[in-house]
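Worksheet for the structure shown next.
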Amino acid sequence: MHADDTIAAIGTPPGKGAIAIVRVSGPAVRELARRLVRTKDALQPRVATSATIVDENQRPLDRGLALLFVAPASYTGEDLLELHVHGSPVVAREIVRAMLACGARPAQPGEFTRRAFLNGKMDLHEAEAVADVIDAETRSAARAALANLGGGLANQVRALRVALATVLEELAAAIDFPDEVPDPGQERLDTALAAVAAELEQLRADGERGRLVREGVTAAIVGPPNAGKSSLLNALLGEDRAIVSELAGTTRDTLEESIAVGGVAVRLVDTAGIRAHADRLEAAGIERAQRALAAARIAIVVIDGSQPVHAEARALLAATRDRTRVVFFNKADLGEAGAREAGVADAIVGSTRNPATLAALREAIAQVGWGGEVPDLERPHLAALREFAAVNEALDALARARATLAAGEPSDFIAGELQTAFSALGHVSERVAAEEVIDGIFARFCIGK
Ligand SMILES: Nc1nc2c(ncn2[C@@H]2O[C@H](COP(=O)(O)OP(=O)(O)OP(=O)(O)O)[C@@H](O)[C@H]2O)c(=O)[nH]1
Ligand SMILES: [Mg+2]
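All the letters of the sequence shown, read from the start, carry residue numbers 1 to 449 under the working numbering.
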């Protein structure tokens, strides 16, 4: 499949930088290179060549490096030219403008990668991994995305499909030629299906871990006014992000910042102190706090532990009892009377000013949030929801097939279920997807990728 138009875009982020990269891909690339790139010697594929870039009227725009890739040995599978120029947004824009003047058109977000997909350079799983590498907020997320670059997942799932197809063929042969081909036997069938199911379970479990490191979790910092919620946000963040004051009701709006805890991005949401008697403005803040609490995966309940625990704090402790939460009694430097009296198991008693308390809180967040440190994910794993859906469908069908066998039904009864599992897995391993799925994937990309 070859596009008949040529796309151009700046591949580096907007703003000043050391280098800006302009990319252009498509059938007109070599013609564009002839018109816009002046070099001493002819451009050789894959050789970085010092060049003067000129506009459509041959006026010099910049000096830089030109890199030509010839189809199909390029990222997009088409002729592709990269110009590395000085990192001025004006220069890069002028070069793109000259390319457009010579017949190229501006690239859509993700269009280079989309062409790579259409030209068979990568499957959808890998295309999404490209977006995930770019979106990664933590080192673990980047590692996990990297594990998905390369066709590893498709190959693994394809092998599982072959295993299912072999079982289906054996069943078919036994049905068609009952005299020559023996029935495969319940035990042998179950062993084969169990092995496929176990591998799918592993892909799914790794996929859940991948989603955690990729997407991170949200933790709402909630508690009565003046408990030290904003102080906690600032301390965990290591900067004075939120306003802190001795006045109750300082924080009105929710405020969100990300930190990395044990390889996982944690979005901390500081909220307004929750109390019953509040003015209108404060009440609006409290409502937002309640919403943030409801939406968060983890509740960090902050209470002034140096004072007797009053009704509002008790109500919040009761309301979050069945949630994934960390209870923190703050201001231990002033006393621990309240913390002792409340008697909450696993509560952390300490101070936002004490580094040991902060370390304990980070540890507790990782423990309640996802069971501790997340090891890096270095195997290919499920990433997109449609991949999870396909594997779930296959696992369900396999479970039904195994139940049928266990119930002593004739083995050809399971053929339909195996067919279902086989087709479902095709959505992961084969390059088939509805146009809107493809559109959805590439809409995530930035322009120039
Ligand atoms: N002694 C002591 N004071 C603290 C500690 N942590 C915070 N504070 C103080 O407690 C007061 C309230 O802190 P904030 O972080 O603004 O409390 P908050 O929970 O965000 O309050 P609201 O936004 O009003 O709901 C400030 O004067 C902080 O300096 C601590 O560990 N020990
Ligand atoms: Mg506050």
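The beta carbon of each residue, even a glycine, is placed where N, CA and C say it ideally should be.
Cutoff 8 Å; reference Arg321; Cβ partners in own chain excluding five residues on either side:
none
Consult DSSP for Arg23 and reduce its assignment to one of helix, strand or coil.
If DSSP states are grouped into helix, strand and coil, Arg23 belongs with the strands.
Relative to the C-alpha of Glu94, which candidate in Asn57, Leu168, Ser411, Glu128 has its C-alpha closest?
Asn57
Given Val70 as reference, the closest of Ala104, Leu100, Leu36, Leu43 once Cα atoms are compared:
Leu43
Less than 7 Å separating the Cβ of Thr250 from some heavy atom of ligand 1?
yes
Assign Asp41 to buried or exposed, taking buried as 16 or more other Cβ atoms, counted over all protein chains shown, within 10 Å of its Cβ.
Here Asp41 is exposed, its C-beta having fewer than 16 other C-beta atoms within 10 Å.
Between which two residues does the beta strand (DSSP E) carrying Glu256 extend?
255 to 261
Within 7 Å: the Cβ of Ser258 and any heavy atom of ligand 2?
No.
What is the DSSP secondary structure of Leu247, reduced to helix, strand or coil?
coil
Report yes if the C-beta distance between Ala220 and Thr271 is below 8 Å; otherwise report no.
yes
Sorted by chain position, which residues of the same chain lie with C-beta nearer than 6 Å to Ile300's C-beta, five sequence neighbours on each side aside?
Ala219, Ile221, Val326
Does the Cβ-Cβ distance between Gly228 and Gly273 come in under 8 Å?
no
Give the range of the beta strand (DSSP E) segment to which Pro60 is assigned.
60 to 69
Per the DSSP calculation, Phe453 is bridged to which residue(s)?
Residue 453 falls outside the range modelled here, since the chain spans only 1 to 449, and no answer is possible.
Buried or exposed for Gln202, going by 16 or more other Cβ atoms inside 10 Å?
exposed
Which of the three DSSP states is assigned to Ala131 in this structure?
It is helical.
Which two residues bound the contiguous alpha helix (DSSP H) that contains Ala318?
Residues 311 to 319.
Less than 8 Å between C-beta atoms, sequence neighbours within five positions excluded: which residues of the same chain meet that for Gln419?
Leu168
Please report the straight-line C-alpha distance between Gly372 and Ala332, rounded to a whole angstrom.
Using only the alpha carbons, I get a separation of about 26 Å.
With 16 other CB atoms within 10 Å as the buried threshold, where does Thr357 fall?
The residue in question, Thr357, is buried, as its Cβ has 16 or more Cβ neighbours within 10 Å.
Whole angstroms is fine: what's the gap from Met122's alpha carbon to Leu405's?
So the two alpha carbons sit approximately 39 Å from each other.
In chain order, each alpha helix (DSSP H) run of at least 4 residues that lies wholly inside the segment 60 to 122
89 to 101, 111 to 118
Apply the 10 Å Cβ neighbour rule to Val29 and answer buried if 16 or more other Cβ atoms are within range, or exposed otherwise.
For Val29, the number of other beta carbons within 10 angstroms of its own is at least 16, and it is reported as buried.
In angstroms with no decimal places, state the Cα-to-Cα distance between Asp133 and Arg139.
The sequence shown places Val at residue 133, rather than the Asp named in the question. Cα to Cα, Val133 sits roughly 10 Å from Arg139.
Whole angstroms are fine: how far does the CA of Ile365 sit from the CA of Glu393?
33 Å
Is it the case that the CB of Ser351 approaches a heavy atom of ligand 2 more closely than 7 Å?
no
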